[in-house]
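With this note's numbering, the residue at position 324 of the sequence shown is 324, and numbering never jumps.
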Amino acid sequence: ALASEGHALITQDTGALSEAYVAYAAGGVASHSAKDLSVVYTPVHGVGRVTLEDAFAAAGFAAPVVVAQQADPDPDFSTVEFPNPEVPGTLDLALALAQDEQADLLLANDPDADRLIAGVPQDSGWRVFTGNEIGALLADHVLSKGQGADRLVATTVVSSRLLAAIAAHHGVHYAETLTGFKWIVRPGLANPDLRFVFGYEEALGFAIGDQVRDKDGITAALVFAEMASQVAEQGRTVVDLLHALWERHGVHRTGQVTRRFAGPNGGEIMANILETVRTRPPQALAGRPVTEVLDYAAGVNGLASTNALAFTMDGARVVIRPSGTEPLLKIYGEVIEPAAAGKAEMAETSADQALADLLEAASGLLSGESPDKRPDC
């Protein structure tokens, strides 16, 4: 049965929720810190534009230039094949406009504005960051702005290990959860003596602070713009920030392989393959000996049971799990390469090749139809 309108868990909107949210979002950044930053923005035919524009104005930021063809809600998503900022082609209009405007920053939300992707110009073209890269950049920025060993950051078992290294560097608490924001925000709720300041998942979801308690593309966009503006004032770029993190903690490169199992027996075949990998795990992947196998079905580090496996190697990690909605097996790979000062790009190239080798080896654990190798890089 549905709860009554007067139930204690139901808050009636008196018309002030949007205004209160905008004030909260703007209050999380330094006022006017991005007043001179040129930003191109797209809501990808979704609902984010008005709220983001209001939040930018409330923070004293320069108004973003919006992709006109994608500015308003459109249930047909007329200009894109699929309205996911991660899908190649979805950002084509935004990238073209950003190039024409000679913008400093590109920001895009997905249609319901709970996810964020960002890009910056380079000599070789626009660099669009992965979810793991944005997560690392935002986390380091948020932690650098604040103080206190009682702070807490969190991410998921399929996201990059870089957040753990950043947390250790800043001397704050780190939590690792199952996939999904219903899990990411729980460590903060379960530990009232700690302050949840940041959480993210690799699929472009970010939570800054503990008020929204879910992924929020608007507050993430504001904080990313603040970060980009402040680093520009120092004569540096966001890519420089990323390289600095890599030089401190190693180049972390991540990617995915997705394998679909079609047909009426697809789900059964998928389950059998995963069970085979579980009972006969690999001893090595891409020439790297497997040093640890974690079976999340048995519960790991107090987490709820879930159907996933993780294989740890020296400088690498692979996680395999089924999709929760489709007959898909997903493989998440990560490679970590040391980076000497000024050598981040060289280490990135080496890590990318190692990641490709790792994903190829990991995909060999599976069989089925339609392999889709998708590096984040």
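Using N, Cα and C, we set each Cβ at its ideal position, and we do this for glycine too. Please read these numbers as outputs of a predicted model, since none were measured by experiment.
Per DSSP, Val50 lies in no beta strand (DSSP E); the unbroken alpha helix (DSSP H) holding it starts and ends at 48-58. When secondary structure is reduced to three states using DSSP, Gln353 falls in the helix class. Sorting Asp13, Gly302, Gly119, Val257 by C-alpha distance to the C-alpha of Glu176 places Gly302 at the top. DSSP places Glu81 outside both helix and strand once states are collapsed to three, so it counts as coil.
The beta carbon of Asp240 lies closer than 8 Å to those of Val231 in the same chain, with the five residues before and after it left out.
Annotation note: the region 157-219 contains the following uninterrupted beta strand (DSSP E) runs of length 3 or greater, listed N- to C-terminal: 173-177, 195-201, 205-208.
In this structure, Glu86 keeps its C-beta atom at 8 Å or more from the C-beta atom of Leu242. Going by beta carbons, Leu355 and Arg259 fall outside the 8 Å limit. Excluding residues up to 5 positions away in sequence, Ala26, Val29, Ser31, Leu222 lie with their Cβ nearer than 7 Å to the Cβ of Ala59 in the same chain.
When the alpha-carbon of Val157 is set against those of Leu365, Leu359, Tyr332, Arg151, the nearest one is in Tyr332. Around the beta carbon of Asp76, fewer than 16 other beta carbons sit within 10 angstroms, so the residue counts as exposed. In this structure, Ala362 and Val318 form a Cβ contact; the two beta carbons are roughly 5 Å apart against a cut-off of 8 Å. For Thr254, the enclosing beta strand (DSSP E) has its first and last residue at 251-260.
Residue burial is scored here from C-beta neighbours: Lys35 has fewer than 16 other C-beta atoms within 10 angstroms and is therefore classed as exposed.
In the DSSP assignment, the residues bridged to Asn109 are Leu116.
In the structure shown, the three-state DSSP call for Asp104 is coil. Residue pairing for Pro289: DSSP places it in a beta bridge opposite Ala284. In its own chain, leaving out the 5 sequence neighbours on each side, no residue places its CB closer than 6 Å to the CB of Gln122.
Burial of Thr90 is indicated by the presence of at least 16 other C-beta atoms within 10 angstroms of its C-beta.
For Ala71, no alpha helix (DSSP H) run applies, since DSSP gives it neither H nor E. Under the DSSP assignment, Lys330 falls in the beta strand (DSSP E) whose first and last residues are 328-337.
Excluding sequence positions up to five before and after Ala62, its CB lies within less than 8 Å of the CB of Ala34, Lys35, Asp36, Leu37, Ser38, Val39, Phe56, all in the same chain and listed in chain order. Residue nearest to Ile273 within the set Glu53, Leu309, Ile218 is Leu309 (criterion: CA-CA distance). Excluding residues up to 5 positions away in sequence, Ser305 lie with their Cβ nearer than 6 Å to the Cβ of Gly299 in the same chain. Segment contact: the region 136-152 against the region 180-195, three or more CB-CB distances shorter than 8 Å; contact assigned.
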